[in-house]
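Sequence order for the protein chains is Y and S.
Add 151 to a position in the first sequence, counting from 1, and you land on the number used in the numbering used here.
Add 13 to a position in the second sequence, counting from 1, and you land on the number used in the numbering used here.
Glycine included, C-beta positions come from ideal geometry on N, C-alpha and C.
Take a look at the structure set out below.
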Amino acid sequence: MRVNYKIQDRFDFGLFIPMVFLLIISLFAVYSSTINHPIAGDNFYKHLIWIIFSLIIYFIIFILPRQAIRSSALWIYSISFFFLLLVLVIGDVVFGARSWIRYGEIGFQPAEIAKIGLILLLAYWMSKQKENISETLTILISLAIGFVPVLLILAQPDMGTAIVFVIITIAMLFWNGLDLFALFLILSPGVVAIASLFGWVALLVTLVLVAVGLIYFKKNIFLSVTIFIFNAIAGLAFEYFIRFLKPHQQIRIASFIDPYVDPTGAGYNIIQAKVAIGSGGIFGKGFMEGNQTQLRFIPQQWTDFIFSVVGEEFGFIGCMLILILFFIILWRLLKLASNAKDSFNSLVVLGVFIFIFCHFAINIGMNLGITPVIGLPLPFLSYGGSSLLSVIVLMGIVQNIYKNRLEQV
Amino acid sequence: MNDDFIKLLVRKRIIQIFVFLFFALIIYELIKIQIVENISYLAKSEQNSIKKMEQQAPRGVFYDRNFKLLVTNKPSFVAIITPTKYDSKFDSLLENKLQLDSGYIQKILSQSTTSRFLPIKIKKDIGYDFIAWYEENSDKLPGISYEIEIQRDYITELSGAHAFGYTKEITSKQLQDNKETYSYGDIVGSAGLEKYYEKELKGQKGISYILVDSKQRVIGKYADGKHDIPPVKGNDLVLSLDYNLQKVAEESLEGYRGGVVAIEPKTGEILVFASSPTFNLSQFAGSISPETWQTLLNDPKKPLFNRVSSANYSPGSSYKMVLALAGLEEKIITTSWTIGCGGGLLFGNKFFACTHAHGSVNVTRAIEGSCNTFFYQLMLKIGLANWAKYSRLLGFGSKTGIDFPEDNAGLIPDSNYYDKTYGEGKWRKGFLISLGIGQGECSVTILQLAQYAALLANYGETYKPHLVKGVIQNETQNYIPLKFKKIKVPISKNTFDIVRDGMYRVVHGNGTARSVLIPGITIAGKTGTVQNPHGANHAVFIAFAPYDDPKIAVAVLIENVGFGATYAAPIARRIIQEYLGLKEQNIELVDTTKVN
């Protein structure tokens, strides 16, 4: 242990400065897309207040004692679980999902707090089970921690957040040393199911890949055949399962494969966002000058489609700046996760990494039309109090871990 | 290096590769669309965008009780300017063509708070000559266009302003509260029936997908309108108002301040709902200009003020039946209880005057001759508690529950009220005496008086007063009658008979409103002349007819004119005469030139 800390040793500017830059870009983009809007006109000021508030919380978390994070894990998870139940009863419906709890002027989305609870509790549970990580029971309990809230979130229904929960859970299991075969077992049916959406050829190719994988793992023939049949059923049954989805969800899935299936409905946003970004060119059309943005072709553009505002008004340069800032943050997080001496810390940081990467990848992918529109905000950039607060809180937790990284448990 | 560490390194590599691949994919995609295909996307954004447009739904129309159309819709042209494309050198030309003041366009443009990419409305109700001129020269007039709006059309001679109410462009406050239903620029019911029945009337907005260029100019319909959802007209209202009757009432009120309400006692249906002075609803048909609005607001006669159900008045002598009912029903008095009226009552050291010396009167005669002395005495006898109880039973002191946004409860003071106002024990019985003749601190609305007349007419049974009988559903065109709550006042028929007899004598006996007499129609009524601090007395008259099987109950109140019998009663008479269909008979007592 060193006696004299420099500030850099206690506080990671590599995580903080890119975040601040992203928040500043976010202010420009929210301003441009809302300031002339008849009902969202004051969103800029609300956004500014949320940023300031979140940063205050960030520093409060930073100065908390080392044990505070670990000991709050179960609490945060339980409280958010309670709110996830409560929201199904008393929640407000916003854009088709019963996802908001409101008290007067103040409202929040319990699923956002639940993300923090999920990461902390998974890390807490897995780090305690270090010795028997690949035991079936440990894996099943970890999956339960992750998937029980997923059921509640699907009931809202909020597809995007549910997917994030699943990915975080699996990724943390993976990080904690889940063997490749188990991972293969968990992931392959999902991959096959999604592939089935792209037609018979894609389905057959993935099934062949599954078979190759099974041969690679060299398990006994009976188990391998069982797994293969299970995968085949998953692929074939998914199509059937989709028929039970609500019509708007079916259209969304169809639009993901071809946005022009429904250019006035679900595909509309994808097409408009892509046109906005593509028309931005290298340098963009200039702040407040993007006609797609200013004419409000994309509804609620300041939430999930904020990237298209930057793409149109600040062009390729603006987009690259955002990518670089995210890259720095993700790089630092991954490095911190792999260098952490304590497995709880390592898992938490990895959880935050996955959280940000998943939101980033799905959101930007959706803006560019390469992932389906599943309604996930872009961290640090999208307008929306609860989601902004939750990601900054997670960054605060990481900063706290950074501060204490050299101390042994 | 231990085994664990190698595994961690492998896992880190896998994740790194994944992240790298994804960034590469995004950068590839960005280069592809922003650099390589930039020109084609730029062209798409400039020329050919699908825009979702909302289409205004026509509001439901109003019919009167006999399905006569009262309020409907008409298309109207609105001149619009899109600032980003507009050149101010056209200002004077446009101002000239649209008959606007010089500098008006720049004023409107600079006041606008919406995006300068979006069109701004310059003038509503523009004429066909402008449209013709524009169509010929449109290519030389960048940034200028027009659009079609649906607006209210008031096709009859009725004003109906207070009853019908008006629509206005939605305010940002209303928009905040109803984000899911409305959007910016929507027209919503803001007063009267338009407001109360907004949900029925508003219909369903349509959606059309159009191709527009970057300056919002429409190029055409997207996919020939295949995806469009046409607007659905709102449901129509069938009002209980009677066109002819309302017209007679409005004409009779001209030049006065006051109001008239007529109710069908058996159903609670409101036949007349007129407040004067009134205003011209067509000023609101488009969106009202701030100047017109200010003029209406600042008019000393307060035409926007609804005197029928918002204004509070003392009821004056028309209130005497409340005391009579209370005294008789509570068995405090009978018809044989008489007092001697020598022209007033000395109570303590204060003299409460009567109109003249009535001599010996019982309750029937006291109503007939409107003897104040009798009711002063009766008030002291029944006490404040009974007075307040029967006032409430007869619908005073609380909202009527009418299907209308304005429904003033009025004030029926009780001992709690006096304790609060004057301090406990600091008010004396003398305070109450004036309540006995409907003066003092009690206040009522004209609507409440009409409901009271209906209750007297129909032996305490009626329905909540209402202006709308039913709704014609747009989809099915079925008429669906609305249901209203029944009112039943627990007062015996016998008690009502005595009081109604007094009211009958007011017109047919030796009463205060003999001038109302219409041969062939039996009318019961009661006059009132209300002292007030604003000048001359208010004239009040309530009545119902025919006496044996009442089909109409009326309440009239005219501000600051004088006697109820002189000013209010003739208006009630005209309405009753019109409604009971005896127009052909020549009535000699009253000037009837205006009636037909």
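Inset, instruction - Quick one: which residues of the region 430-444 of chain Y get their C-beta closer than 7 Å to a C-beta of chain S? List them in chain order. - result: Ser430, Gly431, Gly432, Ile433, Asn442 and Gln443
Legend entry - 8 Å Cβ shell around S/Glu267 - same chain, five flanking residues per side excluded: For the purposes of this step, residue 267 of chain S is identified with residue 254 of the second sequence, where counting begins at 1. Same-chain partners within the cutoff: Ser289.
Legend entry - In chain order, each beta strand (DSSP E) run of at least 3 residues that lies wholly inside the region 449-524 of chain S: 474-476, 481-485, 492-494 and 499-501
Legend entry - is_contact[S/Gln29, chain Y] using C-beta, thresh 9 Å: The residue you call residue 29 of chain S lines up with position 16 of the second sequence. Yes, its Cβ sits closer than 9 Å to a Cβ of chain Y.
Inset, instruction - Kindly confirm or deny that the region 464-482 of chain Y and the region 202-214 of chain Y touch, where touching means at least three C-beta pairs closer than 8 Å. - result: Taking one beta carbon from each stretch, the region 464-482 of chain Y and the region 202-214 of chain Y have fewer than 3 pairs nearer than 8 Å; the two do not touch.
Inset, instruction - Please confirm if Y/Lys425 has its CB atom under 9 Å from at least one CB of chain S. - result: The residue you call residue 425 of chain Y lines up with position 274 of the first sequence. Interface residue, yes.
Inset, instruction - Spatial neighbours of S/Ile352 within its chain, please: CB distance less than 7 Å, with the 5 preceding and 5 following residues excluded, ordered by chain position. - result: To locate residue 352 of chain S, count along the second sequence from 1; it is residue 339. The residues are Val374, Thr386, Phe387 and Gln390.
Inset, instruction - State the DSSP-derived secondary structure class of S/Asn15, mapped to helix, strand or coil. - result: As a working note, residue 15 of chain S is residue 2 in the second sequence. For S/Asn15, the predicted model reports a pLDDT of 45, less than 50, meaning its position is unreliable and no value from the coordinates is stated.
Inset, instruction - Find the nearest neighbour of S/Ile380 within the set S/Glu207, S/Glu343, S/Gly329 and S/Leu82, judged by alpha-carbon distance. - result: If you number the second sequence from 1, residue 380 of chain S lands on position 367. With distances taken between Cα atoms, S/Ile380 lies closest to S/Gly329.
Legend entry - Contact list for Y/Gly328 against chain S, beta-carbon separation under 9 Å: In the first sequence, the residue the question calls residue 328 of chain Y occupies position 177. Asp17, Lys20, Leu21 and Arg24, listed in chain order.
Legend entry - Where S/Pro88 falls: helix, strand or coil (DSSP): Working through the second sequence from its first residue, we reach residue 88 of chain S at position 75. It is a strand residue.
Inset, instruction - Kindly indicate the opening and closing residues of the alpha helix (DSSP H) around Y/Gln452. - result: The residue labelled residue 452 of chain Y in the question sits at position 301 within the first sequence. Here Y/Gln452 belongs to no alpha helix (DSSP H), and DSSP marks it neither H nor E.
Inset, instruction - Note down, in chain order, all residues in the region 77-111 of chain S with a beta-carbon under 7 Å from any beta-carbon belonging to chain Y. - result: none
Inset, instruction - Just the C-alpha distance for S/Phe409 and S/Val457, rounded to the nearest angstrom, thanks. - result: Position 396 of the second sequence holds residue 409 of chain S. Position 444 of the second sequence holds residue 457 of chain S. S/Phe409 and S/Val457: Cα-Cα distance of roughly 7 Å.
Inset, instruction - Note down, in chain order, every chain Y residue with its Cβ under 9 Å from the Cβ of S/Gln486. - result: Counting from 1 along the second sequence, the entry for residue 486 of chain S is found at position 473. Under the 9 Å cutoff, chain Y gives no residues; its nearest Cβ is about 26 Å from S/Gln486.
Inset, instruction - Spell out whether any CB of chain S is found under 9 Å from the CB atom of Y/Gly341. - result: Taking the first residue of the first sequence as position 1, residue 341 of chain Y is located at position 190. Y/Gly341 does not count as touching chain S.
Inset, instruction - Quick one: measure Cβ to Cβ for S/Gly173 and S/Ala204, integer angstroms, because I've assumed they're closer than 8 Å. - result: Stepping through the second sequence from its first residue, residue 173 of chain S is reached at position 160. Stepping through the second sequence from its first residue, residue 204 of chain S is reached at position 191. About 12 Å separates the two Cβ atoms, so there is no contact after all.
Legend entry - Residues from the region 465-478 of chain Y in contact with chain S, defined by Cβ distance under 9 Å: Gly466, Phe467, Cys470, Met471, Leu474, Phe477 and Phe478
Legend entry - Given S/Asp255 as reference, the closest of S/Lys482, S/Val569, S/Arg586 and S/Lys412 once Cα atoms are compared: Locating residue 255 of chain S in the second sequence gives position 242, where the first residue counts as 1. That would be S/Lys482, whose Cα lies nearest to the Cα of S/Asp255.
Legend entry - Residue-level contact to chain S via CB, Y/Gly462, 9 Å cutoff: Within the first sequence, the letter at position 311 stands for residue 462 of chain Y. Chain S contact via Cβ: present.
Inset, instruction - Note down, in chain order, each residue of its chain lying with its Cβ closer than 7 Å to the Cβ of Y/Glu390, except the 5 sequence neighbours on either side. - result: For this step, residue 390 of chain Y is matched to residue 239 along the first sequence. Excluding sequence neighbours, Y/Glu390 sits near Ser347.
Legend entry - Residue-level contact to chain S via CB, Y/Gly311, 9 Å cutoff: Counting from one through the first sequence, the residue named residue 311 of chain Y turns up at place 160. Not closer than 9 Å to any Cβ of chain S, the Cβ of Y/Gly311 fails to qualify, so no.
Inset, instruction - For the alpha helix (DSSP H) holding Y/Cys611, just list the boundary residues, first then last. - result: A question about residue 611 of chain Y goes unanswered here, because the residues of chain Y that appear run from 152 up to 560.
Inset, instruction - Give a yes or no on whether the C-beta atoms belonging to Y/Leu564 and Y/Leu532 are separated by under 9 Å. - result: It is not possible to answer for residue 564 of chain Y, since the shown part of chain Y is limited to 152 through 560.
Legend entry - Contiguous alpha helix (DSSP H) assignments of at least 4 residues, all confined to the region 396-442 of chain S: Counting only runs of at least 4 residues, the region 396-442 of chain S fully encloses the following alpha helix (DSSP H) elements, listed from N- to C-terminal order: 428-435.
Inset, instruction - Report the rounded CA-to-CA distance for S/Ser221 versus Y/Pro450, giving the unit in angstroms. - result: As a working mapping, residue 221 of chain S is identified with position 208 in the second sequence. As a working mapping, residue 450 of chain Y is identified with position 299 in the first sequence. Each residue's alpha carbon lies about 15 Å from the other.
Inset, instruction - Would you kindly check if the distance between the Cβ of Y/Thr312 and the Cβ of Y/Ile304 is under 9 Å? - result: To locate residue 304 of chain Y, count along the first sequence from 1; it is residue 153. To locate residue 312 of chain Y, count along the first sequence from 1; it is residue 161. Yes, these two residues count as a Cβ contact at 9 Å.
Legend entry - Buried/exposed call for Y/Val244, threshold 16 Cβ in 10 Å: Along the first sequence, one-based indexing puts residue 244 of chain Y at 93. So Y/Val244 counts as exposed.
Legend entry - Whole-angstrom distance between Y/Ile505 and Y/Ile543, CA atom to CA atom: Taking the first sequence and counting its residues from 1, one reaches residue 543 of chain Y at position 392. Taking the first sequence and counting its residues from 1, one reaches residue 505 of chain Y at position 354. Each residue's CA atom was taken as its position, placing Y/Ile543 and Y/Ile505 some 14 Å apart.
Legend entry - Cβ neighbours of Y/Pro340 in the same chain (closer than 6 Å, five flanking residues each side left out): On the first sequence, residue 340 of chain Y is found 189 positions in, with the first residue counted as 1. For Y/Pro340, where only same-chain residues beyond five positions count, the Cβ hits under 6 Å are Asn382 and Ala385.
Legend entry - Beta-bridge partners of S/Met66, as assigned by DSSP: In the second sequence, counting from the first residue as 1, residue 66 of chain S sits at position 53. Answer is S/Ser221, bridged to S/Met66.
Legend entry - the region 486-506 of chain Y: positions lying closer than 7 Å to chain S by Cβ: Ser489
Inset, instruction - Name, please, each residue of chain Y whose Cβ falls closer than 7 Å to the Cβ of S/Leu43. - result: Residue numbering aside, residue 43 of chain S sits at position 30 when the second sequence is read from its first letter. Ordered by position in chain Y, the residues that pass the 7 Å Cβ test against S/Leu43 are Phe467 and Cys470.
Legend entry - Buried or exposed (CB count within 10 angstroms, at least 16 for buried), Y/Arg253: Locating residue 253 of chain Y in the first sequence gives position 102, where the first residue counts as 1. Exposed: under 16 other Cβ atoms inside 10 Å.
Legend entry - Integer Cβ distance of S/Ala275 from S/Ile565, believed to fall under 8 Å: Within the second sequence, residue 275 of chain S is the residue found at index 262, counting from 1. Within the second sequence, residue 565 of chain S is the residue found at index 552, counting from 1. The C-beta separation of S/Ala275 from S/Ile565 comes to about 6 Å, placing the pair in contact by the 8 Å criterion.
Inset, instruction - Might you give, ordered along the chain, the residues of its own chain that have their beta carbon closer than 6 Å to the beta carbon of S/Val569, omitting 5 neighbours on each side? - result: Here residue 569 of chain S refers to the residue found at position 556 when the second sequence is read from its first residue. The beta carbon of S/Val569 lies closer than 6 Å to those of Val273, Phe554, Ala581, Ile584 and Ala585 in the same chain, with the five residues before and after it left out.
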